[in-house]
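Notes follow once the structure below has been shown.
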Amino acid sequence: MAPPTNPNPADSSAKQSLEAGLAALKQQDYPTAIALLESVTQTAANGPSGIRAQMGLVAAYKATGNLKKAIALCSSLAKSPNSQVKTWADRALTELTPPRPPKPPANKPKSAETPPETGFVAFDAGTKSPKKTPGGDRPTADKKTGFLPLEPAAAPGNAKSQHISPLPPPPKRPTSEPENSTETAPDTEISGENSSGSPTDIPGVASPDTYQLTWREAGRAKSPRPLKPLKLLEFRLQAVASAIALFFLARFVLQFLLTNTNSLLVQLYIFTRLPIFAPIQLFYRDPTPFVQMVFGLLLASSPWLIDALLKLFCGIETLRGSVLSKHSKEASRVLRSFCTKQNMPVPVLKLLPLNVPVAFSYGCLPRFARIAVSRGLLEQLTDDEIATIFARELGHISYWDFAPMSLALLVIQIPYLIYWQVAQWQERLCDLMTIEFLRSAVKFVAAAISAISYGIYKLLRWPMLWLSRRRVYFSDRTAAEITGNPNGLTRALGKIAIGIADNIEQQKQTSFFLESFDLLLPVGVGQAVTLGSAALHAPLEQILLWDVSNRDRNWLTVNSAHPLLGERLKLLALYAQFWKLETELDLANAGVQEQPRKGKLSLFKSILEFKDSKLFLQGAPFFGIPMSLAIVGVLWLIGGIFSRTSIWQLDWLWGDRSIIWGCLPIGFSIGTLMRINYFFPDITPRETASPSLPEILSNPESLPLDAEPVRLEGQLLGRSGIDNWLGQDLILQTATGLVRLHYVSRFGYIGSLWPKATRPSDLIGKSVVATGWLRRGATVAIDLESLRSQGGKVSDSGHPIWSAILAFAAAFWGAYIIIQGPR
């Protein structure tokens, strides 16, 4: 069915040898470690595995006293184009080469010694505020990441807490951590044991047991130079166009539902002859005036409707100015100064009693605008970080993009509330019923309504996704300009992502609030699930490398409500560089590629490169549609030529619109069949991998097409009711983070809705083994082949089967349209 799962067996062998060598290094079995790691350097010298093997060899050579080889390897690694590897090698050389004893200066007291120049720009004293909780001081991890750790902090006597990395010592960053706690380098680490029993930290391999996230606390600009003015006219026109597209899509969906409801009633009436099933005449009318009226009312009343929605389901409160000033005096100053400068009233402030750190703005006009923040955001972020979040929400209000987004939020809330509430009420009704047949019937009907509503919710998001991504760049830039603190916003966004992932782990599911309000949140929930959880096990620079260096990444965000987090943080790092600041993350120069010269030749070359790239095969089902239109053009041309030459047998091709409509699904079918073998390679137990999440995120060249067969173990998180029968919320909690799972029943959606079916939602909360195809795109997910619990319960998925069925169905549909001809 498919090409080999691993096209390069040598890579798999090198990876296995690398892991075995690092394990031997950790166990102080240095001869074995050296033999294995040297074999890796011979087979993959310049690849990531080879680099990691050379770093491990440095530690092994040092532990066995072979300093000459260790220094030679470090000198070679110091020439690496990778900045993290080069920095590590330079520090290692300093450690391996004994420094000459310095001559003490004459008549100079020890207290007069000055610290070395670090380039660190300190905060002003008034820009930071300590964070406390009612229960007292938080553990160490909270002071670094802004929230309680997932596991209890190690006791001072614990071996892990005493690990200090002697080769080389990582650079100390400003942190509120006690002096005796673990300091780690910003690079990813491995823990191998040296002769003294301490771990050796090496970039390139994540060790969830020893890595701890720290922030540089990089400084801010006191008088930032203004950035280039934005061109807002095009942006606002596109915002209006997005709202119009949402209107027409909502009208189409409503008309489709009304028409098919009447068709179903007609069939039931013919079958039963009961008057109750007579079609509803109102449903035959044009719904356009009704949709116009609803959109107008939703937009005009959006501040109060969203207030009521949040009050009903979240218990939203008014955020008093004294409470805000207690947590962030700078945020209060930013609100007053910006609104005075823009000649606009200060927005109404709202407080969400939620522990997850979120913030968003909504309303119809600036005078009725609201900014809602959660209690978790105020407690988990510092003074200056809170101010940057308020500044970016002010950007949304000043650019007016908050109005169409508020309208879109209310429109998509209609099907989402139906999806959510039908699932909730079904459980209550079934509890009152004693007849099993009625319980099954109610479950099936409720699950069908809930699933259809969820599909409509996802569909109605589409017209607003482009605007949602675009406006985030503008608000981030505005926040950096208002506060002069792009580094503070970097930390804030990172902590929000970590906080969202932590909330999902604590709640054991994605809350309805996070999913339904995803369009307005500062960080997308889909990205935060993986990146936020992985940030506790590897440096952010490592896990965000794909976001800033993959050349096809922009094409893969079309289904995302937020731009790539790494892309955003890279722009903030560039703003910091523009203002001569140290950057919070080393992303400003990451992924820099030589830009081709503009011209016809470079355009032609880029088209050829795109044709030869994996992205062309990745999007083959969709690229097949325009290709089919080109075929239609050729057929029309043939028909036109034959009609002019009186060859009547083919003159019917000229102007036949049924060919257009028929070729569209046929082109989609051909594209789907072209990529199906690459998309779903055969899975064999011997070739399935069990990568850690940092390893998955570290490969900058991977695409969803590069389906890596994997087998991961962990706990299954998600919703457990009929609101998850289609697998809407399936998350695997592994030792190194969270990964989303995609599930399709082998019997399609009907198979998922059937009451007696075995679904992944039945395994929620249990330890499972997930086998499937790992895909790295704008988000990380696994297309499931199977899900097995410890008790042997299995839920099989049918992704390849239904991809093939979809392709053949599209082909038959297109052929049927062409055979039917024009009407």
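Take 1 as the starting number for the sequence shown in this note's numbering and just add one per residue. Where a beta carbon is used, it is the ideal one built from N, C-alpha and C, also for glycine. Quantities reported herein were computed from a predicted structural model and do not represent experimental measurements.
Asked	Found
Expected contact under 8 angstroms - CB spacing of Thr824 and Leu489 to nearest Å	Residue 824 lies beyond the range of the chain shown here (1 to 823); nothing can be said about it.
Sequence-distant residues of the same chain with beta carbon closer than 8 angstroms to Ile782, five excluded per side	Val710, Leu712, Leu732, Val739, Arg740, Leu741, His742, Ala770, Gly772, Trp773, Leu774 and Arg775
Ranges of the beta strand (DSSP E) found wholly within the segment 292 to 367, counting only runs of at least 3	348 to 352 and 359 to 362
Beta strand (DSSP E) runs contained entirely in the segment 505 to 545, provided each spans 3 or more residues	none
Burial state of Thr530 (16 or more Cβ within 10 Å)	buried
C-alpha gap between Val291 and Gly633, whole angstroms	37 angstroms
The beta strand (DSSP E) enclosing His742, as first and last residue numbers	Gly737 to His742
Three-state secondary structure assigned by DSSP to Gly765	coil
Per DSSP, the bridge partner or partners of Pro48	The partner list for Pro48 (beta bridge, DSSP) is empty, contrary to what the question assumes.
Alpha-carbon to alpha-carbon, Tyr399 and Ala372	18 angstroms
Met293 burial status per 10 Å Cβ neighbour count (16 or more: buried)	exposed
Three-pair Cβ contact test at 8 angstroms for the segment 54 to 64 versus the segment 26 to 35	yes
Local conformation of Gly376 per DSSP, three classes	helix
Residue range of the beta strand (DSSP E) that includes Ser795	Val794 to Asp796
Among Tyr416, Ala423 and Phe623, the one whose alpha carbon lies nearest that of Tyr454	Tyr416
Spatial neighbours of Ser49 in its chain, beta-carbon cut-off 8 angstroms, leaving aside the 5 residues before and after	Asp11, Ala14, Lys15, Leu18 and Val40
Supposed contact pair Ser745 and Gly798 - C-beta distance, whole angstroms, cut 8 angstroms	6 angstroms
Validate contact between the segment 308 to 327 and the segment 338 to 351 using beta carbons, cut 8 angstroms, 3 pairs	yes
Start-to-end residues for the beta strand (DSSP E) that takes in Ala707	Looking at the DSSP string, Ala707 is not in any beta strand (DSSP E), and its letter there is neither H nor E.
Status (buried if at least 16 other CB within 10 Å, exposed otherwise) for Leu637	exposed
Close-in-space but distant-in-sequence residues of the same chain around Lys103 (CB under 8 angstroms, 5 per side omitted)	Residue placement at Lys103 is flagged as unreliable, the pLDDT there being 46, under the threshold of 50; a coordinate-derived value is accordingly withheld.
Nearest to Asp401 (by Cα), restricted to the options Leu237, Leu254, Gln507 and Thr434	Leu237
Endpoints, alpha helix (DSSP H) assigned at Ala35	Tyr30 to Thr43
Whole-number beta carbon distance between Arg553 and Leu564, since they are thought to touch under 8 angstroms	6 angstroms
Candidates Gly363, Gln728, Trp813 and Arg788, of which the one nearest Leu297 by Cα	Gly363
Straight-line gap, Met464 to Ser242 (C-alpha atoms, nearest Å)	6 angstroms
Exposure label - Asn343; buried when at least 16 CB within 10 Å	exposed
Glu515 and Leu585 closer than 8 angstroms at C-beta	no
Inter-residue Cα distance where the pair is Leu519 and Tyr473	14 angstroms
One or two residues paired with Arg775 in a DSSP bridge	Ala781
Best match in Trp725, Ser767, Ala707 and Pro665 for proximity to Gln715 [C-alpha to C-alpha]	Ser767
Among Lys443, Leu246 and Ala278, nearest to Ile750 - alpha-carbon criterion	Lys443
Residue-chain proximity (Lys570, chain C), Cβ-Cβ < 8 angstroms	Reference to chain C is not applicable here, since this structure consists of a single protein chain.
The beta strand (DSSP E) enclosing Ile731, as first and last residue numbers	Leu730 to Thr734
Gly814 (DSSP reduced to helix, strand or coil)	helix
Distance CB(Thr235)-CB(Arg477) smaller than 8 angstroms	The question names Thr, but residue 235 is Phe in the sequence shown. In this structure, Arg477 does not lie closer than 8 angstroms to Phe235 by Cβ.
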